[in-house]
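Here the structure is laid out as C-alpha cells; the discussion comes afterwards.
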Amino acid sequence: PGPIHDGTSWTSAFTTLPPALIAATFGDQVWVADGTYRPTADADRALSFFLVDGVEMYGGFAGGEFSLFQRNIANHPAILSGDIGVPGLATDNSYHVIFANSLIGGSTIVDGFTITGGRADGPGQTNGGGMTLGSANPVFRNCRVVGNSASASGGGVSCISSLDATFINCDIVNNQAPSGAGLEFQNSGPVLVNCRLIGNVAIAGGGGARFLGSFPTLVNCEIRNNRVSSGGTLFGQGGGMLVANNSIASVTNCTIAGNGADDGGGVLIANSASVSLMNGIVYHNAAVGETGQAAQIRTISGGTVTANRSCVQGLVGALGGVGNIASDPQFDGQFVADPFAFTEAPARLRPGSPCIDAGSVTGLPADDYDLDGDLDFSEPIPFDGRGTARRFDDTVVADTGSGGAPVVDMGANEFSRGALILVDANASGAKTGVTWADAYTDLQEALAQMNDPDFGPGEIWVATGTYRPDESDRAASFDLFIDARLFGGFAGGESARRFRDPRANPTILSGDIGVPNDKGDNSFHVLRADGASISGSTI
Numbered sequence: 007p008g009p010i011h012d013g014t015s016w017t018s019a020f021t022t023l024p025p026a027l028i029a030a031t032f033g034d035q036v037w038v039a040d041g042t043y044r045p046t047a048d049a050d051r052a053l054s055f056f057l058v059d060g061v062e063m064y065g066g067f068a069g070g071e072f073s074l075f076q077r078n079i080a081n082h083p084a085i086l087s088g089d090i091g092v093p094g095l096a097t098d099n100s101y102h103v104i105f106a107n108s109l110i111g112g113s114t115i116v117d118g119f120t121i122t123g124g125r126a127d128g129p130g131q132t133n134g135g136g137m138t139l140g141s142a143n144p145v146f147r148n149c150r151v152v153g154n155s156a157s158a159s160g161g162g163v164s165c166i167s168s169l170d171a172t173f174i175n176c177d178i179v180n181n182q183a184p185s186g187a188g189l190e191f192q193n194s195g196p197v198l199v200n201c202r203l204i205g206n207v208a209i210a211g212g213g214g215a216r217f218l219g220s221f222p223t224l225v226n227c228e229i230r231n232n233r234v235s236s237g238g239t240l241f242g243q244g245g246g247m248l249v250a251n252n253s254i255a256s257v258t259n260c261t262i263a264g265n266g267a268d269d270g271g272g273v274l275i276a277n278s279a280s281v282s283l284m285n286g287i288v289y290h291n292a293a294v295g296e297t298g299q300a301a302q303i304r305t306i307s308g309g310t311v312t313a314n315r316s317c318v319q320g321l322v323g324a325l326g327g328v329g330n331i332a333s334d335p336q337f338d339g340q341f342v343a344d345p346f347a348f349t350e351a352p353a354r355l356r357p358g359s360p361c362i363d364a365g366s367v368t369g370l371p372a373d374d375y376d377l378d379g380d381l382d383f384s385e386p387i388p389f390d391g392r393g394t395a396r397r398f399d400d401t402v403v404a405d406t407g408s409g410g411a412p413v414v415d416m417g418a419n420e421f422s423r424g425a426l427i428l429v430d431a432n433a434s435g436a437k438t439g440v441t442w443a444d445a446y447t448d449l450q451e452a453l454a455q456m457n458d459p460d461f462g463p464g465e466i467w468v469a470t471g472t473y474r475p476d477e478s479d480r481a482a483s484f485d486l487f488i489d490a491r492l493f494g495g496f497a498g499g500e501s502a503r504r505f506r507d508p509r510a511n512p513t514i515l516s517g518d519i520g521v522p523n524d525k526g527d528n529s530f531h532v533l534r535a536d537g538a539s540i541s542g543s544t545i
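Residue 7 is where the sequence shown starts when you use the working numbering, and the numbers rise one by one after that.
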C-alpha cells in the first residue's frame, strides 16, 4: 500500500490543502508547510479555499516542527494561489482564492500565507479576487494579498456585511480592480492594524481601499503609492482611500502618502461620510488640478474630516482639531512621492522631522489584539507599523505633542535615533549595526551605542551565537538601561521581528569567560537591566 495522508503527522500530512479543510472542525489547527497550494487540481474557477468556522490555519513551516514558535514565515512561504488551469495564464484563474460566508466567526484565523492569483471576472463573480468575505468575520495575521484582480471591486479583498473582519500585520500589494483595488468594504466594520496597502491600482475610485456604508478602524497602517488611473493618467477618486455613503472611519497613526487620483489624491470623503484622523500623516499625494490640502484630503457631498495631532500638506485651518501641522514630515530616502512608483520600503521619518514626538499619547488605542503577548489588553498599543516600539522619546528634539514622555510620533512608523541595531557574531562587514551584513559582532559595542544619551533607547536584534560580556573581566556585564529592548533568535537577514525563531536560532548570553567551563572565573553578573526588556535569549 502507498503512504497514508490523513494529516495527523508531518510524515502523513495531506499533500493538498482542501482535504485538510474538509477534515478540520471547530477548534482544530491546520499547519501548512512551504509550497504553493491551489483550490483545485482541475480548471474549475468557482472553487476556492473555503474557510471553516473556528479552524486556525498557519503557514510558514518547513515540516517537522512541533510548535508554532518554530515556524518561519519568511523562510518557508506558504502560497495560496489561484493560478489553476494553464500555468501563468491569468484568464483561467480562480475567481476567489479564499471564500468565507456568514458561518465564519472571529475564532477563525488565517496566519502566515501569501494569497495571490485570484481573478474575479465571471458571471456573478466580479468582486474579491484574493478573497471574498460575505458576512464573515475571520482574523488574518501576517498575510500578503498580492497580485489579484477583480472586474468590479475589491481586487485583493471584498468584504460585504461583515461586523469585524480583522487584518493584523498584513500587506495588500499590487492588486487591481475598477474600484477598491486593494480592499473593498461595504456595510462592514473592519479592523486593520499594522497593515500596508501599497501599489494597488483602480480606474474609478479607491486605489488602496474603498469603504461604503462601513465603520473601519485603521491603526499603524501605511497607505502608499496607490493610484486611480487610466492610460497612464491619474483618473477617478480617492487614490489612497475613498470613504463614502455614510461611512465613519477611525484612522490613527497612519501614513497616507505618495498616492494619486484625479480627485482626492490621498483621501476622498463623500456622501455624508466622515473620517477621524489622529496622529496621522497625509502628505505628497497628487491630484489633477488640485494643490495643497485638497490634493491630500478632499470632502464632497457632505463628507467631513476631523484631524488631531496630524500632519497634512497644505493645511487650511485646524481641520476641526488641535495640534495639526503642515510642515514637510521629511521621510527618509527610501520613500518615493510618486503614485506610479513602487517600493515596499517603509516610509520612515528622518532625524529632525516635525512629526517626531508630536502626536497624542492619549490618542493611542488600546492593545486590543495583545500584539506583544503580555495579556495586557488595556495598555496603549505597544508597537508601530514595523513591529518596533510605538513610543520612543527622541531626546534631541523638543516634545511638541501631548500626553507625557515618551510622546508618540505622527505616522505609522516611530522614529528612533538609529534605534534598531543589529548584532551577528558571524558578520563580516563594516560593523555599523545598520544592516545584517554590517552588523556588530560584539554585543557590547551595540549596547554602548544604545546606552548613549544622544542615541536614546531602542531595540537590538541579535543573531544566533554565543556572546560574552568580556574575555576576562568578571565585573563586566551586559548593561541595558531604561526602555532598551534586546531581542534574540534571529538567523540574520530578517526584516521584521515576527520572522525570528528563538528555538531554531538560539542566542546565548554567557558568563563563561576566562578558562572555558571553569566556573571559578565566570562573570559575576551576565546581565544587568534597569527598566529594559529582553526576549528570545538564553542567559
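We treat Cβ as the ideally placed atom computed from N, Cα and C, and that holds for glycine.
Cα-Cα separation, residue i to residue j
i	j	result
Pro-371	Thr-401	24 Å
Thr-544	Gly-391	28 Å
Pro-352	Thr-261	10 Å
Thr-17	Leu-23	15 Å
Pro-475	Gly-537	20 Å
Val-414	Phe-493	22 Å
Phe-398	Ala-250	35 Å
Ser-384	Arg-396	15 Å
Asn-419	Asn-133	32 Å
Gly-118	Phe-221	26 Å
Val-273	Gly-245	7 Å
Ala-364	Val-322	19 Å
Gly-240	Gly-214	The identity of residue 240 in the sequence shown is Leu, whereas the question assumes Gly. Approximately 14 Å, taken between the alpha carbons.
Gly-435	Thr-441	9 Å
Ile-166	Phe-341	33 Å
Pro-386	Val-403	23 Å
Gly-407	Ala-343	26 Å
Ala-210	Gly-242	5 Å
Asn-200	Tyr-64	19 Å
Ala-454	Asn-528	22 Å
Asp-460	Gly-393	With a pLDDT of 47 at Asp-460, under the threshold of 50, the predicted position of this residue should be treated as unreliable, though the coordinate-derived value follows. Using only the alpha carbons, I get a separation of about 23 Å.
Val-225	Pro-9	47 Å
Pro-25	Arg-356	50 Å
For residue i, the first and last residue of its enclosing beta strand (DSSP E)
i	result
Ala-353	Note, Ala-353: premise wrong, no beta strand (DSSP E); not H, not E.
Ile-166	163–166
Ala-26	Premise fails: Ala-26 lies in the alpha helix (DSSP H), 23–29, not in any beta strand (DSSP E).
Gln-336	Neither: Gln-336 is in no beta strand (DSSP E) and is coded neither H nor E.
Asp-524	Asp-524 -> no beta strand (DSSP E), and no H or E assigned at all.
Trp-467	465–469
Thr-223	223–225
Ser-236	233–236
Glu-190	189–192
Asp-177	177–179
Asp-117	115–117
Secondary structure of residue i, DSSP reduced to three states
i	result
Trp-416	First, the residue type needs correcting, since residue 416 is Met and not Trp in the sequence shown. If DSSP states are grouped into helix, strand and coil, Met-416 belongs with coil.
Phe-75	helix
Ala-301	helix
Arg-534	strand
Phe-496	strand
Thr-97	helix
Phe-217	strand
Arg-506	coil
Arg-55	Before going further, note that residue 55 is Phe rather than Arg in the sequence given. Residue state, collapsed to three classes: strand.
Phe-389	strand
Leu-325	coil
Ile-275	strand
Ala-183	coil
Limits of the alpha helix (DSSP H) - the one that residue i falls within
i	result
Gln-455	449–456
Ala-481	Careful: Ala-481 lies outside any alpha helix (DSSP H) and carries neither H nor E.
Beta-bridge partners of residue i, as assigned by DSSP
i	result
Leu-377	Beta-bridge pairing links Leu-377 to no other residue.
Trp-37	Tyr-64
Asn-314	Met-284
Thr-261	Glu-228, Ile-287
Buried versus exposed call for residue i [16 or more other C-beta atoms within 10 Å across all chains shown]
i	result
Glu-477	exposed
Val-281	buried
Gly-33	exposed
His-531	exposed
Leu-381	exposed
Thr-42	exposed
Gly-295	exposed
Pro-522	exposed
Ala-324	exposed
Gln-182	buried
Leu-109	exposed
Contact test: residue i Cβ vs the ligand FMN heavy atom, cutoff 6 Å
i	result
Thr-17	By its list of ligands, the structure shown contains no ligand whatsoever, and the ligand FMN lies outside what it can speak to.
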